[in-house]
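Numbering (my numbering), first residue to last: 160 to 1030. Note that beta-carbon positions come from the ideal geometry of N, C-alpha and C, so glycine has one too.
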Amino acid sequence: MKDHASKKPFWRLDEKAFWPNLRADTRNTARVPRWQNSRFRHDIKWPKKPWAFRMGKATTCAPVVGADGTTYLGSGDKMFYAIQPDGTLKWKFETGNVVDDAAVIARRTDPETGEEQDYVFFPGADGFARKMNCTTGECEGAFEATEHHHGKTPFGVPKCNWFESDFTFSKDGVLLAGNDDFAFYQLDPETMEKAYPEFLTKNMIWTGSPTGPDGERYLGSLDTIFRCISKEGKLKWWYPVWGTCGGPPTVLQDGAVIVGSGNNNVYCFKRKGFLRIGRARWRFHTMGDVWSSAALSPDETIAYISSSDGVVYALHVEDGTVEWTFSTTGPNRCGCVVDGEGNVFIASGDGKIYKLSGKDGHRIWSYDCRKFNTNRDLGEWERCHFVPSSIALSPGGVHAGNQNGNLYFIPHVYMESGEARSDPNCCFDPNPDWPANGTHLFFVSPGGRVIFNITDSRTGDIHLPKPQMRGNVLFFQLALLQDHQLQDARIIDTEIISNHDLGIHAEISTDARFINIVPGGLYDPGKEYNFTLRVKYIIPKRYGWPILRLDRHWRGVKRSGEISRQVKFTTEEMNDTWDPTDFPLRIGDPTTKIPGDMLVIKNVFPWQEALIMNLGIIALDDLNIISTPIYHDPKRRRIIFWNLFGEKIEGLEHDADGSIASYAIVPEPEYPFLFPLDMTYDTDGTFILHTAGFKLHWAGVTLPFEYLNVSGRLSDLLSLERCSTAYFKTPVKKIPLFGRILKYMNVKNERGEFIVGGTIRVEKAKGPATEPSTAAVRSIEFEDGMLVATLERAGRFMPSEHIASIALIDATEGISIKQDYENGWSYRLDDDGAVVAIEQVIDEDILKTYESSTITAFVLMDATPVASKQL
């Protein structure tokens, strides 16, 4: 630091806190000593039954637990919470944006009086790192990242200054904080000013940085480079891992460091590099990307690490060989943690928290958080809820945030009691939930739930139990099992065999572990379909080594195999009648607004490509995309929707228990997010939303949509009856810049495609979206390759207040015209900064493609069409 005077207060990671940061200490070992240790308090009355604390939105934060048993974590509702051991609120603090990463608890000692006080420091997406008094809940200091968020990222989007890294403390008492502005900050906790100059990377920093034996800091970045820097902020060595580094590194006693990567690898680097290039001690290859951090056994001979393949790996730290594995049934985003007895805890994407034996990996118990405090059968969307970040331990139990907005507390004494033995949420079977042995194909629900009990145990044939929605993509997982554990196997070819033309085709997922059966349109209602699905696969020469695909040839293959299974399913009957008469019936009719209701695309859960889920989980959980109908062709049964990003305004109505019953959606001008979707529907409300050939700019990446399919059924006006399937694909070579990274990471299927599959949730928002009350368009004309909509003077507005846009429709075919709307969209402003005209660049190829069609332009003010013109 700049001043190390003896009178300066002494800061350190709070060693008396039960779980002071994401990974428990300054080395990120994720391990705690035995709770009998004298440094911990023993007078806290921990509850004996599980409880849940409800927050306003989902949380992706890992909780931290203070010395008095208070749990601290943030939420997507922009709040930071302090929750007492009994599950009641101690205090909360409102920020300007989401809080989606872990805080750190530090202790301040006054050098003159010896008085001690605990503080909690937390990251905010509003650009602030805040210092909170643990006792009072008052903010006593903050640092705002303002210097480096100007300009654009390598992907061409504006940079931001969100703090999205897990905060840590160094051994020398410095707050370590990575930022989305590419900067790694080292802050003096006393003043909340820079202790050392910031270190700049080439992309966002999301990892919590541990401290090495000599005070060095280790940090990963989304620029795919792993770095070791001195405490003064100077680069010591680096290593290109060719994959996103989103999980915190873990430092061993000898100074070696373990880190996971988005290229499916776990690396162990030696303490020092060679000529500023890092040296790897070993590398281990998993079946999915590694977004988690390693936890260390009490003697630090074993590292426990999880992967999005759902497997927990126990690896020897000396050579990376496998001691044991445990296979869960969902993708694992969070890291393992270890208690003082050497037991391993993991929260999985299957919604369960597991306690495993550190010696051999058998299950001691598991608890299903999704069915907490309910005996009813869960809906498909509710089954998607999982613990998205690491859990925390205390003498009382396990603390875990959940995607459904709850903080859960599972007491140790409860799981050891006889009551837990009769709790249907608890399981004490030592084996994983997978069958024992063999090669299998299992059906996977839209929400990513593997379903075992619909497979014939004798033949292996699959009989889907419930009638399927008529436009849904069907997902199947290849599982090669040995002693209930998943083995590495990759799909290289598929074939559908049937005596009839079913109008379906099979596609292999990006990670080559799933087969997706994609319909060409809506299935016939009430019909039984059956076909044989044949799958060819390969397995690697050695467990933990990759299979590489080079120029359509596979390298590292031990042997190949084949499996064939008959699949039977029945589609839903047309029992209901859906009346879409609230939609406009005349081409060009601007009176499209649905009074009182707006269709809102709320959530996307892309379980079948963990990279997307990991990169944008907090955003995907609360999308709030306003989807408004602008065109209806009842003869073809087609509706075209125009989509833009919105913000939820809560608190309009509340239920008796205080929960939000309704809300309004208003457009968010800062993130326009403009694109069309075409719906094909049937008279029972079954639909497919599909589109192709347009570009979407999201999370700093331009995604060219070669194909998009969202299917489901509307039971009444703009209300989804239950979960739909969402399916997207594009060739990686068409993704600007980021596509090259995906290629090097081998994140593509055998056709070079990037595929995302999962489920989506759509609902109604009560209350109309806002719009300019005087909105009026004077003219719509072509000018120099762009379409210009000029506003009447009374209809002008400020760019920060509303979104005005132009959508194009091919009225001849009844489809939207796909082009890069967002990048070609702009405003003309007057001297006061008010919008006087909307501009939309029209691609020349678009005009040539549709020269024989009737093109109609719609001008929209927020979510409402106000004018149209046939071009």
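- Identify the continuous beta strand (DSSP E) that holds Tyr278 and give its terminal residues. 275-282
- Segment contact flag, the stretch 443-450 with the stretch 606-617, C-beta cutoff 8 Å, min 3 pairs: no
- Query: Using CA coordinates, which residue listed in Ile621, Met1020, Ala265, Glu391 is at the minimum distance from Ala354?
  - Reply: Glu391
- Item | Three-state class that DSSP yields for Gly916 in the structure shown | strand
- Task: Determine contact between the stretch 358-365 and the stretch 319-336, defined as no fewer than three beta-carbon pairs at a distance below 8 Å.
- Result: yes
- CB contact flag (Asp236, Met214, <7 Å): yes
- Item | Neighbour-count burial assignment, Met291, 16 or more Cβ in a 10 Å radius | buried
- Task: Use the C-beta contact count for Met957: other C-beta atoms within 10 angstroms, 16 or more gives buried, fewer gives exposed.
- Result: exposed
- DSSP on Cys293, reduced to helix/strand/coil? coil
- Could you give the distance in angstroms between the alpha-carbon of Pro356 and the alpha-carbon of Leu394? 12 Å
- Can you find a heavy atom of the ligand FAD that lies under 6 Å from the Cβ of Ile436? With respect to the ligand FAD, the structure offers nothing, as it holds no ligand at all.
- Residue ranges of each beta strand (DSSP E) run of no fewer than 3 residues wholly in the stretch 306-359, ordered along the chain? 334-337, 342-347, 352-359
- Task: Can you give me the Cβ contacts of His521 inside the same chain, cut-off strictly under 6 Å, excluding the 5 residues immediately before and after it?
- Result: Pro589
- Quick one: measure Cβ to Cβ for Thr460 and His475, integer angstroms, because I've assumed they're closer than 8 Å. 7 Å
- Task: Could you pull the start and end residues of the beta strand (DSSP E) that Leu901 belongs to?
- Result: Looking at the DSSP string, Leu901 is not in any beta strand (DSSP E); the run it does join, the alpha helix (DSSP H), is 897-903.
- Task: Can you have a look at Leu707 and say buried or exposed, based on whether 16 or more other CB atoms are within 10 angstroms of its CB?
- Result: exposed
- Message: In the DSSP output, what is Asp837 paired with across the bridge?
- Response: Ile799, His849
- Task: Under 6 Å Cβ to Cβ from Ser786, same chain only, skipping five residues before and after it: list those, please.
- Result: Leu758, Ile760, Phe800, Asn802
- Message: My output table needs one value for Gly954: the three-state DSSP class, helix, strand or coil.
- Response: helix
- 6 Å Cβ shell around Phe177 - same chain, five flanking residues per side excluded: Val224, Ser553
- Pull up the CB-CB distance for Gly1014 and Ile968, whole angstroms please, since I reckon it's below 8 Å. First, the amino acid is wrong: residue 1014 is Ile here, not Gly. Going by Cβ atoms, the distance from Ile1014 to Ile968 rounds to 7 Å, so yes, they are a contact pair.
- Item | Rounded distance between the beta-carbons of Asn563 and Ala217, thought under 8 Å | 7 Å
- Task: Please name the residue or residues paired with Met1020 in a DSSP beta bridge.
- Result: Ala963, Thr1023
- Gly560 to Leu645 span [Cα, whole Å]: 27 Å
- Query: If you follow the alpha helix (DSSP H) that Gly983 is part of, which residue opens it and which one closes it?
  - Reply: Taken as a continuous stretch (DSSP letters only), Gly983 belongs to no alpha helix (DSSP H), as it is neither H nor E.
- Excluding the five sequence neighbours on either side, which residues of its own chain have a C-beta within less than 7 Å of the C-beta of Met904, listed in chain order? Trp401, Gly402, Gly421, Asn422
- Query: Under the three-state reduction of DSSP, which class applies to Lys361: helix, strand or coil?
  - Reply: coil
- Query: Where Phe764 and Gly606 are concerned, what is the direct C-alpha to C-alpha distance, given to the nearest angstrom?
  - Reply: 7 Å
- Message: By alpha-carbon positions, which one of Ala963, Glu1003, Val1000, Ile1005 ends up nearest to Ala1022?
- Response: Ala963
- Task: Check each candidate in Asp458, Ala453, Tyr472 and name the one with the smallest Cα separation from Thr445.
- Result: Tyr472
- Message: On a Cα-Cα basis, can you pick out the residue from Trp396, Gly555, Ser466 that is closest to Asp647?
- Response: Ser466
- Top-ranked residue by Cα proximity to Trp984, from Lys249, Ile965, Met574: Ile965
- Would the stretch 834-854 and the stretch 993-1003 be scored as touching if the rule is three or more Cβ pairs under 8 Å? no
- Message: As a quick exercise: from Ile242, Phe690, Thr918, pick the residue whose alpha carbon is nearest that of Val869.
- Response: Thr918
- Run of the beta strand (DSSP E) containing Arg617, from where it starts to where it stops: From DSSP, Arg617 is part of no beta strand (DSSP E); its letter is neither H nor E.
- Message: Here's the rule: buried if 16 or more other CB atoms are within 10 angstroms of the residue's CB, otherwise exposed. What is Pro583?
- Response: exposed
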